Ligand code: DX5
Ligand code: ZN
């Protein structure tokens, strides 16, 4: 079963509550929230108070993707705000095992994300601590970028690693996912697809974008 997680990064920030409700109504499995600090990535988005406001607007799980330095300083705030899954970048912490335990203790599901150039080997020894592995298929920071084709082999390698050592871990991909790339990443082994611009800025609206994505996967 493939899950779709619309990314609010491409939604209308002036109408976040309505956009979150629309994504839920369109059949989103998770709502993907991109937290950027202007340091780990060049862009800045929003923090825990906005996550809490979105939490009040819909009831699907909040898949919260922290693209921030020193994520350990903010785990409790995002957990309190209502994040369901809290995903941190492996590149952002020297003490990843401790950080993952901190997320678990805060009551969230635990995710790790890897930038395109970061090898999978980085997470091999902490697989037992996580629920979700996020393979970035663009450099994080902005919506609307093109899928990096070399990531297909990385997704397939991640699939093999998880099947062997941690089959319960969800394999998520993020960046440049649309009706053309969705079947490619699912064939390679991805099971949660983040999609921002492909759904929120689709010419036929959010419903049209979700429908086209599902149809590309034979789910419609
Ligand atoms: C990029 C973010 C993504 C972004 C994806 O740094 O992590 O979640 O919203 O946008 P699209 O789907 O437009 O590539
Ligand atoms: Zn993201």
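In our numbering, the protein residues as written are 351 to 570. C-beta: ideal position from N, C-alpha, C; glycine also. None of the values given here were measured: they were computed from a predicted structure.
(request) Could you have a look at residue 570 and say whether DSSP puts it in helix, strand or coil? (result) Position 220 of the chain shown, counted from the first residue, corresponds to residue 570. Note: residue 570 maps to coil in three-state DSSP.
(request) Report all residues from its chain with a CB closer than 7 Å to the CB of residue 604; omit the five preceding and five following residues, and keep chain order. (result) The question about residue 604 has no answer, for the chain in this structure spans 351 to 570.
(message) Just to confirm the assignment, what range does the alpha helix (DSSP H) spanning residue 399 have?
(response) Here residue 399 refers to the residue found at position 49 when the chain shown is read from its first residue. Judged by DSSP secondary structure, residue 399 falls within the alpha helix (DSSP H) whose first and last residues are 398–405.
(request) Find the nearest neighbour of residue 546 within the set 367, 364, 378, judged by alpha-carbon distance. (result) Stepping through the chain shown from its first residue, residue 546 is reached at position 196. Per the Cα distances, 378.
(message) Suppose contacts are defined by Cβ-Cβ distances below 7 Å. Is residue 516 in contact with residue 539 by that definition?
(response) The residue you call residue 516 lines up with position 166 of the chain shown. The residue you call residue 539 lines up with position 189 of the chain shown. It is not a contact, given that the beta carbons lie outside the stated cut-off.
(request) Determine the direct distance from the alpha carbon of residue 404 to that of residue 332, and round the result to whole angstroms. (result) Given that the chain is displayed from residue 351 to residue 570, the structure contains no residue 332 and the question cannot be resolved.
(message) In the DSSP assignment, the beta strand (DSSP E) including residue 414 goes from what residue to what residue?
(response) Taking the chain shown and counting its residues from 1, one reaches residue 414 at position 64. In this chain, the beta strand (DSSP E) harbouring residue 414 covers 412–417.
(request) Per DSSP, which residues does residue 384 bridge with? Please list them. (result) Here residue 384 refers to the residue found at position 34 of the chain shown. For residue 384, which the question treats as bridged, DSSP gives the partners 415.
(request) Examine the ligand ZN and report whether any of its heavy atoms sits within less than 6 Å of the Cβ of residue 415. (result) As a first step, residue 415 must be located in the chain shown, where it is residue number 65. Yes.
(message) Taking only three categories from DSSP, how would you classify residue 459?
(response) In the chain shown, the residue the question calls residue 459 occupies position 109. Strand, per DSSP.
(message) Can you tell me whether residue 447 is buried or exposed? The criterion is at least 16 other CB atoms within 10 Å of its CB, across all chains shown.
(response) If you number the chain shown from 1, residue 447 lands on position 97. Burial call: exposed.
(message) Does the distance between the C-beta of residue 544 and the nearest non-hydrogen atom of the ligand DX5 fall short of 6 Å?
(response) What you label residue 544 is simply residue 194 of the chain shown in a count that begins at 1. Yes.
(message) I'd like to confirm something about residue 343: is its beta-carbon nearer than 6 Å to some heavy atom of the ligand DX5, or not?
(response) The displayed coordinates of the chain run from 351 to 570. Any statement about residue 343 would go beyond what the structure contains.
(message) Are there any heavy atoms of the ligand ZN lying less than 6 Å away from the beta-carbon of residue 524, as far as the coordinates show?
(response) For this step, residue 524 is matched to residue 174 along the chain shown. The closest heavy atom of the ligand ZN lies less than 6 Å from the beta carbon of residue 524.
(request) Pull up the CB-CB distance for residue 401 and residue 428, whole angstroms please, since I reckon it's below 8 Å. (result) Reading the chain shown from its first residue, position 51 is the one you call residue 401. Reading the chain shown from its first residue, position 78 is the one you call residue 428. Beta-carbon to beta-carbon, residue 401 and residue 428 are separated by about 6 Å, close enough to satisfy the 8 Å threshold.
(message) Taking 8 Å as the limit between beta carbons, can you name the residues of its chain near residue 481, skipping five residues before and five after?
(response) Taking the chain shown and counting its residues from 1, one reaches residue 481 at position 131. Excluding positions up to five away in sequence, the list reads 435, 459, 460, 461, 518, 519, 520.
(request) Look at the alpha carbon of residue 408 and the alpha carbon of residue 371, and state the distance between them as a whole number of angstroms. (result) Taking the first residue of the chain shown as position 1, residue 408 is located at position 58. Taking the first residue of the chain shown as position 1, residue 371 is located at position 21. Residue 408 and residue 371: Cα-Cα distance of roughly 5 Å.
(request) Quick one: give me the first and last residue of the beta strand (DSSP E) that residue 484 is part of. (result) Here residue 484 refers to the residue found at position 134 of the chain shown. For residue 484, the uninterrupted beta strand (DSSP E) run begins and ends at 482–486, by DSSP.
(request) Buried or exposed for residue 415, please, with buried defined as at least 16 other CB atoms from any protein chain shown within 10 angstroms of its CB. (result) The sequence position of residue 415 within the chain shown is 65, counting from 1. Using a 10 angstroms sphere on the CB of residue 415, the tally of other CB atoms reaches 16 or more, which defines it as buried.
(request) May I ask you to check if the CB of residue 384 is nearer than 6 Å to at least one heavy atom of the ligand ZN? (result) For this step, residue 384 is matched to residue 34 along the chain shown. Residue 384: yes, Cβ under 6 Å from the ligand ZN.
(request) Please classify residue 499: does DSSP put it in a helix, a strand, or coil? (result) Stepping through the chain shown from its first residue, residue 499 is reached at position 149. Looking at residue 499 - three-state DSSP - the assignment turns out to be coil, as it is neither helix nor strand.
(request) Please name the residue, chosen from 477, 562, 565, 548, that lies closest to residue 356 on a Cα-to-Cα basis. (result) Sequence index remark: in the chain shown, residue 356 carries index 6 (1-based). Proximity to residue 356 across 477, 562, 565, 548 peaks at 548, based on C-alpha coordinates.
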